[in-house]
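Trainee:
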Amino acid sequence: MRSIVLDTETTGMPVTDGHRIIEIGCVELEGRRLTGRHFHVYLQPDREIDEGAIAVHGITNEFLQDKPRFKDVAEEFFEFIKGAQLIIHNAAFDVGFINNEFALLGQQDRAEIADHCAILDTLLMARERHPGQRNNLDALCKRYDVDNSGRDLHGALLDAEILADVYLAMTGGQTHLSLAGDGSEGDSSGRRQPTPIRRLPAERTRTPVIRASEEELAEHAARLAVIEKSAGAPPLWLQLEQATAEQ
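Quick note on UniProt numbering: the sequence shown kicks off at 1 and runs consecutively.
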């Protein structure tokens, strides 16, 4: 499945007060792997940014003066996200602003982005998994050992990259390794502390896959036949192969 992890920054909120998108950041996932493809743009909103919003993301009116408008990137942005699953933290906020931008262009066929993309809200997912706890992005980074040390201010592309790591950790099952004798230091009670799992870089050299030879496959089959004869029933390996073939 192709997924797009998406975040936006805006002039303020709510969208019903005429606030606009000023930054869009997206990163692409294919089969739970970052592909390296991304979409990132700053936008001239044709209105002033609220001081409270500047304090959050640090984007100023002066910085955006020479930036494109949403109409200039609308086609490229839509083509990038079309047909994908959008992974967004607090999706109602971002989707509402995206719908509004397309509506302002008169593109009513795109003014409901959920008609073109599946929407997955990681905030709702986190609330289901961790009820009664803080579930903002910083809290989730701490909970899942995701590095957000560079996040002094909000930024759409940086937050999308961080959210991708959080989403993969939230949906990937085990997030720590705790192995006896792994050298981990204990806490004050002497209990061994879990070691965070670190994702391998995408550009790493891939581990070679060595296939069994014809001779090895024949020896394997012969061994299974011996097991079946002594047990009076097919071994589990053969049962699984048969079940898979019948699906």
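The beta-carbon is built from N, C-alpha and C at its ideal position, and this holds for glycine as well. Predicted, not measured: the structure shown is a model, and the values here were computed from it.
1) Do you know how far the Cα of N61 is from the Cα of L168?
2) Note down the Cα distance separating L29 from R2, rounded to an integer number of angstroms.
3) What distance in whole Å lies between the Cβ atoms of F102 and A111, which are believed to be in contact at a cut-off of 8 Å?
4) So, with DSSP's three-state summary, where would you put H40?
5) Note down the Cα distance separating G25 from Q133, rounded to an integer number of angstroms.
6) Use the C-beta contact count for E9: other C-beta atoms within 10 angstroms, 16 or more gives buried, fewer gives exposed.
7) Under 9 Å, do F39 and I87 count as touching if we go by C-beta distance?
8) Measuring CA to CA, which of G155, S149, H130, L158 is closest to M170?
9) Among the candidates A74, A92, T35, whose CA atom is the shortest distance from the CA of Q108?
10) Grab me the residues of D138's own chain with a C-beta within less than 8 Å of its C-beta, minus the 5 sequence neighbours each way, in chain order.
11) Using 8 Å for Cβ pairs, my map puts I22 next to I54. What's the rounded Cβ distance?
12) By the DSSP assignment, the beta strand (DSSP E) with V27 in it spans what residues?
13) Below 8 Å on the Cβ atoms is my contact criterion, and I expect L64 with Y42 to pass it. Report the Cβ-Cβ distance as a whole number of Å.
14) Applying the criterion that 16 or more other CB atoms from any shown protein chain within 10 Å of the CB defines a buried residue, is G12 buried or exposed?
15) Looking only at its chain, what residues have a beta carbon closer than 6 Å to the beta carbon of R37, apart from the 5 residues adjacent to it on each side?
16) Give the straight-line distance between the Cα atoms of E128 and E228, rounded to the nearest whole angstrom.
17) Distance check for N136 and A114, CA to CA, integer angstroms please.
18) Where does A221 land, buried or exposed, given buried means 16+ other C-beta within 10 angstroms?
Mentor: Inspection of the coordinates gives the following:
1) Residue numbering aside, residue 168 sits at position 168 when the sequence shown is read from its first letter. Residue numbering aside, residue 61 sits at position 61 when the sequence shown is read from its first letter. The C-alpha of L168 lies about 35 Å from the C-alpha of N61.
2) The sequence position of residue 29 within the sequence shown is 29, counting from 1. The sequence position of residue 2 within the sequence shown is 2, counting from 1. So the two alpha carbons sit approximately 6 Å from each other.
3) For this step, residue 111 is matched to residue 111 along the sequence shown. For this step, residue 102 is matched to residue 102 along the sequence shown. Confirmed, about 5 Å.
4) As a working note, residue 40 is residue 40 in the sequence shown. DSSP places H40 in strand when its eight states are reduced to three.
5) Residue 25 sits at position 25 when you count from the first residue of the sequence shown. Residue 133 sits at position 133 when you count from the first residue of the sequence shown. In a straight line, the C-alpha of G25 is about 27 Å away from that of Q133.
6) Here residue 9 refers to the residue found at position 9 when the sequence shown is read from its first residue. Counting Cβ neighbours within 10 Å, E9 comes out buried, since at least 16 surround it.
7) As a first step, residue 39 must be located in the sequence shown, where it is residue number 39. As a first step, residue 87 must be located in the sequence shown, where it is residue number 87. Cβ atoms of F39 and I87: not closer than 9 Å.
8) As a first step, residue 170 is located in the sequence shown; it is residue number 170 there, counting from the start. It is H130.
9) Numbered from its first residue, the sequence shown carries residue 108 at position 108. It is A74 whose Cα lies nearest to the Cα of Q108.
10) In the sequence shown, the residue the question calls residue 138 occupies position 138. So the qualifying residues of the chain are N148, R151.
11) Looking up residue 22 in the sequence shown gives position 22. Looking up residue 54 in the sequence shown gives position 54. Not a contact, Cβ separation roughly 10 Å.
12) By 1-based counting over the sequence shown, the position of residue 27 is 27. 21–30 is the extent of the beta strand (DSSP E) around V27.
13) As a first step, residue 64 must be located in the sequence shown, where it is residue number 64. As a first step, residue 42 must be located in the sequence shown, where it is residue number 42. About 6 Å separates the two Cβ atoms, so the contact holds.
14) As a first step, residue 12 is located in the sequence shown; it is residue number 12 there, counting from the start. The residue in question, G12, is buried, as its Cβ has 16 or more Cβ neighbours within 10 Å.
15) Position 37 of the sequence shown holds residue 37. Closer than 6 Å at Cβ, skipping near neighbours: E28.
16) One-based indexing of the sequence shown puts residue 128 at position 128. One-based indexing of the sequence shown puts residue 228 at position 228. Taking the straight line joining both Cα atoms gives about 47 Å.
17) Reading the sequence shown from its first residue, position 114 is the one you call residue 114. Reading the sequence shown from its first residue, position 136 is the one you call residue 136. Going from the Cα of A114 to the Cα of N136 covers about 23 Å.
18) The residue labelled residue 221 in the question sits at position 221 within the sequence shown. That one is exposed.
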